[in-house]
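These notes concern the structure reproduced below.
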Amino acid sequence: MHSTMMDTPARYGIVSRLFHWVMVVLLAWQFASALLRVFAEDTAIEGFFWSTHYAVGFTLFLLVILRGLWGLANLSRRPGHAAIRFGRLATLGHLVMYLLMIVIPFLAILRAYGSGRGFAPYGFEIFAATGERIPALIAPASAVHGLFGWVLLALIVGHIAMVAMHEAVWKDRIAARMA
1 MHSTMMDTPA
11 RYGIVSRLFH
21 WVMVVLLAWQ
31 FASALLRVFA
41 EDTAIEGFFW
51 STHYAVGFTL
61 FLLVILRGLW
71 GLANLSRRPG
81 HAAIRFGRLA
91 TLGHLVMYLL
101 MIVIPFLAIL
111 RAYGSGRGFA
121 PYGFEIFAAT
131 GERIPALIAP
141 ASAVHGLFGW
151 VLLALIVGHI
161 AMVAMHEAVW
171 KDRIAARMA
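Residues 1 to 179 in UniProt numbering are what the sequence shown lists, from first letter to last.
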């Protein structure tokens, strides 16, 4: 593989950076749909964005799994957090963000199955509609899917704020590793 594909201790490779920035765009789209659902429900723009919420969420679910596998394959080569300010906190924050990016769509898929409505993102049937409701599968997502989504948004805002601190205050050029 070409050396720019793989991560190095100094910088993330092109594959890691591509995963990161594609997910940034999709997460921004996803949160736009959720915010519009809260603040502009029953409007044309909300309807447009919300109609993509399930497919974009499923795409993010697949991407975070692939990104995690890629990260594990590059684990020994990746830039670490140990040498940066608040490195352990950064590691914990990243782990929680990854966990939420897996749990949130998983709960939505579980709720769709439990609702008996089926799930076919992009027209590809993952499971068929049965019409049978299974409350034990609906309850977890109904209880925490949205809450976990807002927690993820708060963590992302914190992540962005910390990158800004690194760049503007500490001037350690941490963003160059992912840019």
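In this text, a Cβ means the ideal position worked out from N, Cα and C, and glycines have one as well.
Being a predicted model, the structure only gives us computed values, none of them experimental.
Taking the C-alpha atoms as reference points, what is the distance between residue i and residue j?
i: phenylalanine 140; j: valine 103; result: Reading off the sequence shown, one finds proline at residue 140, where the question assumed phenylalanine. Rounded to the nearest angstrom, the two C-alpha atoms are 11 angstroms apart.
i: isoleucine 126; j: glutamate 167; result: 43 angstroms
i: alanine 129; j: histidine 145; result: 21 angstroms
i: threonine 52; j: tryptophan 70; result: 26 angstroms
i: methionine 1; j: isoleucine 14; result: Bear in mind that the predicted position of methionine 1 carries a pLDDT of just 49, short of 50, making it too unreliable to give a figure here.
i: phenylalanine 49; j: tryptophan 21; result: 20 angstroms
i: histidine 159; j: alanine 136; result: 34 angstroms
i: serine 142; j: leucine 75; result: 35 angstroms
i: valine 157; j: aspartate 42; result: 27 angstroms
i: valine 151; j: glycine 131; result: 32 angstroms
i: threonine 4; j: glycine 123; result: 35 angstroms
i: leucine 147; j: isoleucine 138; result: 15 angstroms
Leaving aside the five residues before and after residue i along the sequence, list all residues of the same chain whose C-beta is less than 8 angstroms from its C-beta, in chain order.
i: arginine 133; result: Gly114, Ser115 and Gly116
i: isoleucine 174; result: Ile84, Val163, His166 and Glu167
i: proline 79; result: Asp7, Thr8, Pro9, Ala10, Arg11, Tyr12 and Arg177
i: tryptophan 29; result: Phe49, Thr52 and Val56
i: aspartate 172; result: Ile84, Arg85 and His166
Go through its chain and collect everything with a Cβ distance to residue i's Cβ below 7 angstroms, but skip five positions before and after it.
i: arginine 77; result: Met6, Asp7, Thr8 and Pro9
i: proline 121; result: Tyr54, Ala55 and Phe58
i: valine 96; result: Leu155
i: glutamate 46; result: Leu36, Arg37 and Ala40
i: glycine 149; result: Ala34 and Ile104
For residue i, count the other beta carbons within 10 Å of its own beta carbon; 16 or more makes it buried, fewer makes it exposed. Which is it?
i: isoleucine 109; result: buried
i: valine 25; result: exposed
i: leucine 99; result: exposed
i: arginine 111; result: buried
i: leucine 27; result: buried
Check this for me: beta carbons of residue i and residue j, under 7 angstroms apart or not?
i: tyrosine 12; j: methionine 178; result: yes
i: histidine 81; j: alanine 73; result: no
i: leucine 153; j: phenylalanine 39; result: no
i: arginine 67; j: phenylalanine 19; result: yes
Near residue i, what residues of its chain come up, given a Cβ to Cβ distance below 6 angstroms and the 5 sequence neighbours on each side ignored?
i: methionine 101; result: Val64
i: methionine 23; result: Leu63
i: serine 16; result: Asp7
i: glycine 87; result: His81
Report yes or no: do the segment 59-68 and the segment 102-116 share at least 3 C-beta pairs separated by less than 8 angstroms? Yes: at least three Cβ pairs fall under 8 angstroms.
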